[in-house]
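Numbering (the working numbering), first residue to last: 43 to 174.
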């Protein structure tokens with residue numbers, strides 16, 4: 043059994059976790075953005091979504107998010123070798139994985155960023171993003 047979990051809220055994916063304690067990626071632990079079409083992995087690709095999410099995170103959180111984009115590893119899972127071009131919180135990136143964000147063994151700042159993204163995703167699931 044893999045040490046992998048889909049974290050759900052109301053039956054919808056919030057994020058994914060890998061916890062195995064190893065010294066190799068994705069261990070010892072990793073948080074990925076969800077791959078659902080309407081999840082935080084894809085918020086950045088629509089104009090309305092960009093305005094919505096960008097307004098909810100400050101520049102410091104954006105910098106942390108940009109440092110943790112998930113560059114394509116050519117696993118073939120998405121059927122697009124070399125990844126996809128995506129805009130993440132207003133910044134363009136080439137060759138990103140389906141799971142746009144990947145926090146590997148996050149430090150306190152990266153964990154704070156991931157928590158903010160998870161909070162926004164949970165609020166989005168409840169269709170009440172203003173409360174975050």
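Where a beta carbon is used, it is the ideal one built from N, C-alpha and C, also for glycine.
Proximity to residue i [Cα-Cα], best of the options
i: residue 152; options: 102, 51, 52; result: 102
i: residue 105; options: 118, 122, 133, 123; result: 133
i: residue 47; options: 98, 150, 60, 70; result: 60
i: residue 135; options: 99, 108, 163, 69; result: 108
i: residue 236; options: 45, 49, 56, 68; result: Outside the modelled stretch of the chain, which goes from 43 to 174, sits residue 236, for which no answer is possible.
Own chain residues within Cβ distance below 6 Å of residue i, not counting five before or after
i: residue 145; result: 73, 110, 152, 156
i: residue 167; result: 51, 52, 54
Residues near residue i in its chain [Cβ-Cβ closer than 8 Å; skip 5 each side]
i: residue 138; result: 111, 112, 113, 114, 125, 126, 127, 128, 130
i: residue 70; result: 61, 62, 63, 64, 147
Residue i vs residue j beta-carbon contact at 8 Å
i: residue 143; j: residue 64; result: no
The ligand SAH heavy atom lying under 7 Å from the CB of residue i
i: residue 157; result: Within the structure as shown, the ligand SAH is missing, as the structure has no ligands at all.
Start and end residues, beta strand (DSSP E) containing residue i
i: residue 48; result: 46-51
i: residue 57; result: 54-61
i: residue 134; result: 133-146
i: residue 111; result: 111-113
Enclosing alpha helix (DSSP H) for residue i [first to last residue]
i: residue 122; result: Neither: residue 122 is in no alpha helix (DSSP H) and is coded neither H nor E.
i: residue 76; result: First-last for residue 76: undefined, no H or E at that position.
i: residue 160; result: 150-167
Same chain only: Cβ atoms within 7 Å of residue i, ignoring 5 sequence neighbours per side
i: residue 158; result: 99, 103
i: residue 160; result: 56, 57
i: residue 123; result: 116
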